[in-house]
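Chains A and B are the protein sequences, given in the same order.
Using this note's numbering, read the first sequence as starting at 1 and increasing by one per residue.
Using this note's numbering, read the second sequence as starting at 834 and increasing by one per residue.
By construction, the Cβ of each residue, glycine as well, lies at the ideal position given by its N, Cα and C atoms.
To start, the structure under review is shown below, and the notes come after it.
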Amino acid sequence: MSEKRTDGGHGHGDGPDREPDGGAALPAESVESGEHGLPPLSSVRRWFVTTNHKDVGVLYIVTSLLFLIFGGVLALLMRLQLFTPGEALLSPLAYNQAVSIHGLVMVFWFLSPFAFGFANYVVPLQIGADDLAFPRLNALSYWLYLASGLLLGVSFFQGASFAGGWTMYAPLNVPAFTPQIGATTTVLALALFVVSVTVGSVNFITTIHRMRAAGLTMRRLPIFTWGILLTVWMMLFAFAALLAALMILGADRVLGTTYFAATTPGGSMLWTHLFWFFGHPEVYIVFFPALGAMAEIFQTFTGRRLVGRKWFIAAMVLVALQSFVVWMHHMFLTAINLPVKTLFMATTIGISLPFDLMVFSMIYTTIKGKIRFTTPFLFAFGGLILFIVGGITGVFLGAVVLDYEFRGTYWVVAHFHYVMVAGVTGLVGGLYYWFPKITGRMYDELLGKVHFAIYFVGFNLLYFPMFLAWGTPRRVFDYPPVFTTWQQVATVGGFLLGASFLVMFYNLYTSLWRGEEADATPWRFASTAEWAVPSPPPLENFPGVPSYDSGALEFREGATAHADGGVETDGGHAIEGEHASHASIWPFVIAVGSLFGLLGLSGAVVPGEGTLNPGYAVVGLAGLAVFGYGLLELVRESFEGPTGPFGESWPFDGVPNTKTGVWVFLASDVVLFGAFIGSYLFVRVAAGWNEWHIVPHNSLPGLINTYLLLTSSFAVVLALVFAKRNSRTGVVASLAATFLLGVGFLVNKGIEWIELFHEGEWLSTSIETSTFYLTTGLHGLHVVIGLVIAGWMIYRAWNGAYLDDDEPIELFGLYWHFVDIVWLFLFPLFYIL
Amino acid sequence: MVTWKTYVWIYVALFAFATAQVAVEFAGLLESAYWLAFGAIIVLSFVKAVMVAGWYQHLLYEPRSLTYLLATGLLAALALTAAAAYSIT
Numbered sequence: 001m002s003e004k005r006t007d008g009g010h011g012h013g014d015g016p017d018r019e020p021d022g023g024a025a026l027p028a029e030s031v032e033s034g035e036h037g038l039p040p041l042s043s044v045r046r047w048f049v050t051t052n053h054k055d056v057g058v059l060y061i062v063t064s065l066l067f068l069i070f071g072g073v074l075a076l077l078m079r080l081q082l083f084t085p086g087e088a089l090l091s092p093l094a095y096n097q098a099v100s101i102h103g104l105v106m107v108f109w110f111l112s113p114f115a116f117g118f119a120n121y122v123v124p125l126q127i128g129a130d131d132l133a134f135p136r137l138n139a140l141s142y143w144l145y146l147a148s149g150l151l152l153g154v155s156f157f158q159g160a161s162f163a164g165g166w167t168m169y170a171p172l173n174v175p176a177f178t179p180q181i182g183a184t185t186t187v188l189a190l191a192l193f194v195v196s197v198t199v200g201s202v203n204f205i206t207t208i209h210r211m212r213a214a215g216l217t218m219r220r221l222p223i224f225t226w227g228i229l230l231t232v233w234m235m236l237f238a239f240a241a242l243l244a245a246l247m248i249l250g251a252d253r254v255l256g257t258t259y260f261a262a263t264t265p266g267g268s269m270l271w272t273h274l275f276w277f278f279g280h281p282e283v284y285i286v287f288f289p290a291l292g293a294m295a296e297i298f299q300t301f302t303g304r305r306l307v308g309r310k311w312f313i314a315a316m317v318l319v320a321l322q323s324f325v326v327w328m329h330h331m332f333l334t335a336i337n338l339p340v341k342t343l344f345m346a347t348t349i350g351i352s353l354p355f356d357l358m359v360f361s362m363i364y365t366t367i368k369g370k371i372r373f374t375t376p377f378l379f380a381f382g383g384l385i386l387f388i389v390g391g392i393t394g395v396f397l398g399a400v401v402l403d404y405e406f407r408g409t410y411w412v413v414a415h416f417h418y419v420m421v422a423g424v425t426g427l428v429g430g431l432y433y434w435f436p437k438i439t440g441r442m443y444d445e446l447l448g449k450v451h452f453a454i455y456f457v458g459f460n461l462l463y464f465p466m467f468l469a470w471g472t473p474r475r476v477f478d479y480p481p482v483f484t485t486w487q488q489v490a491t492v493g494g495f496l497l498g499a500s501f502l503v504m505f506y507n508l509y510t511s512l513w514r515g516e517e518a519d520a521t522p523w524r525f526a527s528t529a530e531w532a533v534p535s536p537p538p539l540e541n542f543p544g545v546p547s548y549d550s551g552a553l554e555f556r557e558g559a560t561a562h563a564d565g566g567v568e569t570d571g572g573h574a575i576e577g578e579h580a581s582h583a584s585i586w587p588f589v590i591a592v593g594s595l596f597g598l599l600g601l602s603g604a605v606v607p608g609e610g611t612l613n614p615g616y617a618v619v620g621l622a623g624l625a626v627f628g629y630g631l632l633e634l635v636r637e638s639f640e641g642p643t644g645p646f647g648e649s650w651p652f653d654g655v656p657n658t659k660t661g662v663w664v665f666l667a668s669d670v671v672l673f674g675a676f677i678g679s680y681l682f683v684r685v686a687a688g689w690n691e692w693h694i695v696p697h698n699s700l701p702g703l704i705n706t707y708l709l710l711t712s713s714f715a716v717v718l719a720l721v722f723a724k725r726n727s728r729t730g731v732v733a734s735l736a737a738t739f740l741l742g743v744g745f746l747v748n749k750g751i752e753w754i755e756l757f758h759e760g761e762w763l764s765t766s767i768e769t770s771t772f773y774l775t776t777g778l779h780g781l782h783v784v785i786g787l788v789i790a791g792w793m794i795y796r797a798w799n800g801a802y803l804d805d806d807e808p809i810e811l812f813g814l815y816w817h818f819v820d821i822v823w824l825f826l827f828p829l830f831y832i833l
Numbered sequence: 834m835v836t837w838k839t840y841v842w843i844y845v846a847l848f849a850f851a852t853a854q855v856a857v858e859f860a861g862l863l864e865s866a867y868w869l870a871f872g873a874i875i876v877l878s879f880v881k882a883v884m885v886a887g888w889y890q891h892l893l894y895e896p897r898s899l900t901y902l903l904a905t906g907l908l909a910a911l912a913l914t915a916a917a918a919y920s921i922t
């Protein structure tokens with residue numbers, strides 16, 4: 001019966017019926033107006049300047065629910081169109097937009113951000129951290145997310161939004177088939193969303209690995225935090241591949257490169273590889289936060305620790321790894337060869353095995369424990385049932401022969417909605433579960449159960465008939481009359497599902513004002529650390545320094561000296577002794593600049609003509625100016641992030657937060673460049689390796705640039721050496737040398753490009769020129785960014801910076817040397833071989 | 834820790850290896866034995882990359898987890914490239 005909780009829980013009881021000590025009332029601390037420089041919660045300004053993880057979590061949750069409504073309305077439009085065959089409610093183009101943007105909104109702008117609302121709010125509390133490692137970057141992630149969503153909305157007013165399906169398959173994704181500016185805007189909006197995700201991933205990885213309370217080892221980490229940790233690791237690598245795909249697609253649409261053109265050898269295959277290398281991990285990226293929430297809810301409402309907890313975690317880790325080796329099962333109907341199909345069929349079957357373990361763990365937990373049928377449990381259990389159906393029907397698609405039959409039909413639509421909406425269902429359970437913690441109010445339990453009943457019936461009415469009418473071709477605005485009955489049942493189910501959310505919104509909104517007040521832990525067996533603090537938690541989260549050293553959660557009187565010997569900042573300069581402000585408007589400003597910059601870029605080049613559109617160009621330049629100004633002010637302002645000391649930091653012990661963040665970002669950049677270089681190699685293999693035309697005439701300009709970059713790297717090393725020797729002149733001279741050598745690199749490249757242009761070798765001339773200009777151009781962009789940073793550092797060094805703290809030079813060096821390393825591969829690949 | 838002298842030697846070696854890559858081309862090895870030359874040039878690139886990462890980025894003197902982090906990214910990119918290229922019929 002009795003067992004000791006080791007998952008970051010803080011209970012002392014000795015049986016399933018014990019009262020956890022998390023329920024013990026702690027002195028409720030009021031959130032003072034203006035604390036840490038933040039305006040009160042009732043102020044609109046608060047929400048524009050906040051960097052606090054709980055505020056940002058709320059922003060994510062509310063915004064993602066708005067996108068749920070947006071995506072849901074698009075889905076209902078589709079269901080109305082499909083109520084009868086031959087219906088003309090939507091034009092074919094309008095239907096294609098609805099189906100495409102519904103998919104994109106639900107997968108990107110609703111599901112993951114909904115999960116990250118909870119991640120933002122709950123994870124720092126669960127691990128005993130004051131905030132995320134980089135609070136302003138966290139706010140930036142949110143604002144970039146919102147900006148990307150607004151940009152997507154704007155795309156509908158630019159002729160048409162993207163209408164080629166959410167998978168954006170080539171060659172449908174190039175202007176020859178989707179010529180509208182709005183389609184380009186959709187691509188750029190998604191790219192901006194990916195930037196937001198990458199910034200967030202770096203932040204969460206640094207936070208969870210570096211900032212855990214003492215004694216909170218990885219094995220003790222709560223399951224929800226485990227789910228988020230694995231999610232952000234998958235995001236870091238998978239979204240980098242998607243970013244590469246979107247940047248290339250953006251170049252095809254705006255600059256005229258020809259990667260995905262129908263005439264390019266392997267062009268359409270290249271897109272499917274890049275997209276699904278991201279796309280399959282994305283399934284688990286979407287599902288793992290829900291899985292973590294479901295596991296927490298199962299534990300709380302069965303009063304039983306998750307059965308086989310460590311094996312459950314091991315299975316999650318295994319799935320996260322396996323998710324990167326199954327992507328070609330989405331491509332069984334393409335021209336990939338049979339051996340590789342067979343291989344990926346095997347890996348696909350393999351990934352179902354750890355999931356079996358997780359499903360049985362949750363089922364057995366309910367058997368071993370005593371279930372309380374609250375609303376969160378009903379949703380978590382409902383999510384499990386939907387996932388089981390989704391998983392079993394997915395096995396059919398993982399088998400090559402069956403996939404030949406099912407691919408492109410409603411079987412696929414039904415299957416992936418069972419999987420994806422299983423995640424939604426688990427997260428809705430999470431919404432009810434954490435609602436009292438976030439708001440300090442209880443929701444109405446009866447209305448919650450009504451919501452679940454309508455939701456579950458509505459969902460199954462909507463999607464189960466699609467298995468029966470599986471012969472219907474997906475993404476098409478019409479269907480054979482024989483399927484009419486099933487389609488009509490599905491439409492009724494769709495409206496029921498939509499109506500169920502009205503019940504939820506009514507319940508949560510009224511409860512927010514009139515709900516019963518919730519104490520620290522309204523759930524009897526909740527045991528993770530967020531339940532040990534008042535509802536809602538105070539701004540500082542904890543009454544002392546959290547520690548699990550004794551085996552249970554304690555709050556100690558804490559010194560706040562930094563474990564790594566310094567104050568962490570996320571780019572700003574902390575001023576010793578100054579009261580730390582948690583307010584910053586600059587993440588918002590940067591996002592506004594990004595929004596208008598990309599809006600301008602979407603139409604700056606007139607499609608089909610190649611001429612400049614002055615209106616769009618002005619908007620783009622204005623956006624760029626706002627972006628640059630916001631970035632400059634962000635760097636200049638005084639801001640102090642969490643300072644530690646941090647208890648557990650495995651596996652990055654001794655590596656300060658900012659340095660960890662830079663390395664994690666560089667790992668993502670490795671995949672970005674890897675995908676660009678991989679794309680070049682792929683199309684070259686497809687075209688015939690030795691048939692390839694090398695664009696530069698000779699390798700000497702490339703060799704000179706190699707010398708320049710290597711020397712500039714050496715100069716950065718010297719800057720660090722001089723900083724350690726306290727030589728201001730040496731630091732300035734070394735950084736100036738780096739800057740000048742970088743400029744020399746760009747000038748040399750510019751001369752080379754101009755010469756090639758004069759010879760008629762444009763970006764659009766051939767796939768050879770496309771790959772050459774775009775890949776080396778991306779590298780050149782990295783050099784430009786490096787020069788901007790170097791310029792700023794020269795200014796700061798001139799004023800005496802870096803002599804006491806040389807870490808910024810080291811961090812800049814990490815980036816600059818990485819740019820150097822990339823060139824060491826680009827040079828032979830594009831100039832010699 | 835790394836001394837001045839080491840940094841200079843690394844720089845000289847990087848310079849020399851870059852020159853050697855072009856020398857392989859100028860020696861006509863690409864025409865006579867393309868894949869041998871290809872292998873030599875790519876290996877030299879990897880050696881240079883390891884030198885920059887190991888010494889200039891101090892990876893040799895950091896916790897090994899950072900090396901694994903970068904290696905994971907590299908492995909992911911190589912897996913994508915190799916499997917995608919192999920899948921071509």
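Review point. Which class does Leu612(A) belong to by DSSP, given the choice of helix, strand or coil?
Key: strand
Practice item. Measuring only between beta-carbons, confirm whether Asn841(A) sits less than 9 Å from chain B. Key: This structure cannot speak to residue 841(A), because chain A is shown only from 1 to 833.
Exercise for review: Could you tell me the distance, in whole angstroms, from the CA atom of Leu632(A) to the CA atom of Gly872(B)?
Suggested key: 45 Å
Check your understanding: Nearest to Ala856(B) by CA position, among Gly382(A), Leu703(A) and Arg212(A), is which residue?
Key -> Leu703(A)
Check your understanding: Would you say Leu866(B) faces chain A, with C-beta separation under 9 Å as the test?
Key -> According to the sequence provided, residue 866(B) is Ala. The question's Leu does not apply to it. No, Ala866(B) lies away from the interface with chain A (no Cβ there is under 9 Å from its Cβ).
Point to revise | 8 Å CB neighbourhood of Ala604(A) in its chain, flanking five on each side removed | key: Val254, Leu612, Asn613, Tyr616, Ala617 and Gly620
**Study point:** Residue environment, Gly861(B), which counts as buried when at least 16 other CB atoms sit within 10 Å
**Key:** exposed
Review point. Taking the C-alpha atoms as reference points, what is the distance between Thr914(B) and Ser920(B)?
Key: 10 Å
**Study point:** Cβ-Cβ distance between Ala790(A) and Thr738(A) below 9 Å
**Key:** yes
Review point. Cα separation between Ser638(A) and Ser584(A)?
Key: 9 Å
Review point. How would you list, in chain order, the residues of chain B whose beta-carbon sits under 8 Å from the beta-carbon of Tyr707(A)?
Key: Phe848 and Ala851
Check your understanding: Would Leu869(B) count as contacting chain A if we go by Cβ distances under 9 Å?
Key -> no
Check your understanding: If we cut at 9 Å on Cβ distances, does Trp842(B) have a partner in chain A?
Key -> no
Review point. If you draw a straight line from the alpha carbon of His579(A) to that of Phe275(A), how long is it in whole angstroms?
Key: Here the model assigns His579(A) a pLDDT of 49, short of 50, so the residue's position is not dependable and the matter cannot be decided.
Review point. Roughly how many whole angstroms lie between the Cα atoms of Val307(A) and Gly426(A)?
Key: 19 Å
Exercise for review: Thinking Val56(A) and Asn138(A) are a contact (beta carbons under 8 Å), I'd like their distance in whole angstroms, please.
Suggested key: 5 Å
Review point. Where does Ala28(A) sit, in a helix, a strand or coil, going by DSSP?
Key: Reliability fails at Ala28(A), whose pLDDT of 37 lies under 50, so the model's placement of it is uncertain and no value is given.
**Study point:** Those residues which DSSP pairs with Ser547(A) across a bridge
**Key:** Ala214(A) and Glu554(A)
Point to revise | Buried or exposed (CB count within 10 angstroms, at least 16 for buried), Ile754(A) | key: exposed
Point to revise | Chain-ordered neighbours of Met328(A) on chain B, where CB pairs are closer than 8 Å | key: Ala916 and Ser920
Point to revise | Beta-bridge pairing of Ala583(A) - partner residues as DSSP gives them | key: Thr50(A)
Check your understanding: How long is the line joining the alpha carbons of Leu824(A) and Gln854(B), rounded to whole angstroms?
Key -> 10 Å
Check your understanding: To which residues does DSSP link Glu648(A) through a beta bridge?
Key -> Arg212(A)
Check your understanding: How is Val326(A) classed by DSSP in three states: helix, strand or coil?
Key -> coil
Check your understanding: When the cut-off is 9 Å and only beta carbons count, does Pro701(A) lie next to chain B?
Key -> no
Check your understanding: What residues are listed by DSSP as bridge partners for Pro913(A)?
Key -> This structure cannot speak to residue 913(A), because chain A is shown only from 1 to 833.
Check your understanding: Between the beta-carbon of Leu899(B) and the beta-carbon of Phe652(A), is there less than 9 Å?
Key -> yes
Point to revise | C-alpha gap between Ala574(A) and Glu517(A), whole angstroms | key: A caution first: Ala574(A) carries a pLDDT of 41, below 50, which makes its placement in the model too unreliable to give a value.
Review point. Run through DSSP, which three-state label would Val503(A) get?
Key: helix
Check your understanding: Excluding sequence positions up to five away, which residues of its chain have a Cβ less than 8 Å from the Cβ of Val317(A)?
Key -> Leu230
Practice item. Tell me, please, whether the stretch 904 to 918 of chain B touches the stretch 664 to 672 of chain A by the rule of three or more beta-carbon pairs shorter than 8 Å. Key: yes
Point to revise | Assigned secondary structure, Glu517(A) (DSSP; H/G/I helix, E/B strand, else coil) | key: strand
**Study point:** Partners in chain B for Gly266(A), counting only beta-carbon separations shorter than 7 Å
**Key:** Ile921
Practice item. Could you tell me whether the Cβ of Leu903(B) comes closer than 9 Å to any Cβ of chain A? Key: yes
Check your understanding: Would Pro135(A) pass as a contact of Ser64(A) if the rule is Cβ separation under 9 Å?
Key -> no
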